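K.L.:
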Amino acid sequence: MKLGIIGYGKMGKLIHGLAEKRGFEVVNIVDVDRGGVGKGADVYIDFSVHYAVLNNITSCSSLGIPLVIGTTGWENDREKAKQIVEESKNRVIYSSNFSLGVNLFWQVVSVATKLFGAFPEEYDVMVHELHHKNKVDSPSGTAKELARIITELHPKKKKLCVDALNRKIEPEELHVTSTRGGSIPGTHSVVFDGDSDTIELTHTARSREGFARGALLAAEKIRNLPPGFYQFKDILGRPEFR
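Be aware that the sequence shown starts at 40, since it is given in my numbering, and climbs by one per residue.
#1: Nearest-angstrom Cα distance between residue 95 and residue 237?
#2: Suppose only complete runs of 4+ residues qualify. What are the alpha helix (DSSP H) ranges in the segment 179-256, listed by chain order?
#3: Mapping the DSSP letters down to three states, classify residue 139 as helix, strand or coil.
#4: As an exercise, report each continuous alpha helix (DSSP H) stretch of at least 4 residues that is fully enclosed by the segment 122-170, in chain order.
#5: Would you list the one or two residues that DSSP bridges to residue 106?
#6: Taking 8 Å as the limit between beta carbons, can you name the residues of its chain near residue 271, skipping five residues before and five after?
#7: Any chance the segment 242-253 sits against the segment 112-130, with 3 or more Cβ pairs inside 8 Å?
#8: Considering just the uninterrupted stretch of the alpha helix (DSSP H) at residue 51, what are its terminal residues?
#9: Tell me residue 94's beta-bridge partners as DSSP assigns them.
#10: Quick one: what's got a C-beta closer than 7 Å to residue 103's C-beta in the same chain, skipping five residues either side?
#11: Locate the beta strand (DSSP E) running through residue 261, then write down its first and last residues.
#12: Rounding to the nearest angstrom, what Cα-Cα distance links residue 60 and residue 48 in this structure?
#13: Ignore the nearest five residues each way along the sequence and tell me which others in residue 225's own chain have a CB closer than 6 Å to its CB.
#14: In the DSSP assignment, the beta strand (DSSP E) including residue 268 goes from what residue to what residue?
#15: Drop a sphere of 10 angstroms on the beta-carbon of residue 186, count the other beta-carbons inside from all chains shown, and report buried for 16 or more, exposed for fewer.
#16: Using the DSSP secondary-structure output, state which residues sit across from residue 42 in a beta bridge.
#17: Applying the 10 Å Cβ sphere with the 16-neighbour rule, what's the burial state of residue 110?
#18: Among residues of its own chain, excluding the 5 on either side of residue 41, which ones have a beta-carbon nearer than 6 Å to its beta-carbon?
#19: For residue 100, name the three-state secondary structure that DSSP assigns.
#20: How is residue 277 classed by DSSP in three states: helix, strand or coil?
#21: Measure from the alpha carbon of residue 117 to the alpha carbon of each residue in 277, 268, 274 and 213, then state which is nearest.
#22: On a CA-only basis, which of 85, 62 and 54 is nearest residue 69? Give me that one, please.
#23: Would you mind stating whether residue 16 and residue 216 have Cβ atoms separated by less than 8 Å?
#24: Excluding the 5 residues preceding and the 5 following residue 92 in the sequence, name in chain order all residues of the same chain whose CB lies nearer than 8 Å to its CB.
The structure is reproduced here in structure tokens:
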């Protein structure tokens, strides 16, 4: 399979190396000092910057080339992107985190939120994430997905609060906090805290390879899917991905 890579930072370079080991032929690399999206690739993987994602979707869709998107921070363009993909009958798989472990972690948090949400007066819930000093967005896309899961399923937590607080938190607010420093690939924790005990669910990435492997899996399987705009976590159980 011929692969194009959009964005040639740390993730782009990692995907390049792993792709060749998995039998991909890398035929195009798109970056600020390189060429743009062009013909010749069977699929592109995008780990670029949030403000370029919509343009990358448009370019790939105009050429009929499927796209896997690991870039975060483009949530405000999601509906427009979906419209472009559906009108062009292209295929796009996106995720704020392509790690298989994180996608399973989201499912664990869904179950835990339902369980602890049955006792909202006994257990509070909060989210914290840590990333390396060079990460430009905060909270992380993974933390935003955790927050979306919790606010959707919890009976009381319906408002997202990401700011530093100099006041008492309101009962309906879910506090999501972030730390930046060092070279941490990514750590995400959901804490259910009561008067007598604390239950903490944590996913810790040991390297970026998990993100790259998941994105390459999506690239390998994307042409098996009907045209559409897919979130990675929603298609993991489909026959096309087995």
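Quick reminder that beta carbons are idealized off the backbone N, C-alpha and C, glycines included.
None of the values given here were measured: they were computed from a predicted structure.
P.N.:
Let me spell this out:
#1: In the sequence shown, the residue the question calls residue 95 occupies position 56. In the sequence shown, the residue the question calls residue 237 occupies position 198. Their backbone Cα atoms lie some 44 Å apart in a straight line.
#2: 180-192
#3: The count along the sequence shown starts at 1 and reaches residue 139 at position 100. DSSP places residue 139 in helix when its eight states are reduced to three.
#4: 139-156
#5: Residue numbering aside, residue 106 sits at position 67 when the sequence shown is read from its first letter. According to DSSP, residue 106 bridges with 83 and 131.
#6: Indexing the sequence shown from 1 puts residue 271 at position 232. Answer for residue 271: 132, 133, 134, 137, 142, 253 and 257, listed in chain order.
#7: Judged by Cβ distances under 8 Å, the segment 242-253 makes no contact with the segment 112-130, as fewer than three pairs qualify.
#8: Within the sequence shown, the letter at position 12 stands for residue 51. Annotation for residue 51: the continuous alpha helix (DSSP H) segment containing it runs 49-60.
#9: As a working note, residue 94 is residue 55 in the sequence shown. Listed as beta-bridge partners of residue 94 by DSSP are no residues whatsoever.
#10: For the purposes of this step, residue 103 is identified with residue 64 of the sequence shown, where counting begins at 1. Result list for residue 103: 129, in chain order.
#11: Residue numbering aside, residue 261 sits at position 222 when the sequence shown is read from its first letter. First-last for residue 261: undefined, no H or E at that position.
#12: Against the sequence shown, residue 60 aligns to sequence position 21. Against the sequence shown, residue 48 aligns to sequence position 9. Distance between the alpha carbons of residue 60 and residue 48: 19 Å.
#13: One-based indexing of the sequence shown puts residue 225 at position 186. Correct list, in chain order: 170 and 244.
#14: As a working mapping, residue 268 is identified with position 229 in the sequence shown. Here the beta strand (DSSP E) through residue 268 covers 267-270.
#15: The residue given as residue 186 occupies position 147 in the sequence shown. Per the 10 Å Cβ criterion, buried.
#16: For the purposes of this step, residue 42 is taken as residue 3 along the sequence shown, with counting starting at 1. Paired residues: 65 and 82.
#17: One-based indexing of the sequence shown puts residue 110 at position 71. Buried, since its Cβ has 16 or more Cβ neighbours within 10 Å.
#18: Numbered from 1 along the sequence shown, position 2 holds the residue referred to as residue 41. Hits under 6 Å: 64, 66, 80 and 81.
#19: Looking up residue 100 in the sequence shown gives position 61. The answer is helix: DSSP assigns residue 100 an H, G or I state.
#20: Position 238 of the sequence shown holds residue 277. Coil at residue 277, not helix or strand.
#21: Numbered from 1 along the sequence shown, position 78 holds the residue referred to as residue 117. For residue 117, the nearest C-alpha among the options comes from 268.
#22: Here residue 69 is taken as the residue at index 30 of the sequence shown, counted from 1. Comparing alpha-carbon positions, the option among 85, 62 and 54 lying closest to residue 69 turns out to be 85.
#23: This structure cannot speak to residue 16, because the chain is shown only from 40 to 281.
#24: Your numbering for residue 92 matches position 53 in the sequence shown. Result list for residue 92: 85, 108, 110, 113, 116 and 120, in chain order.
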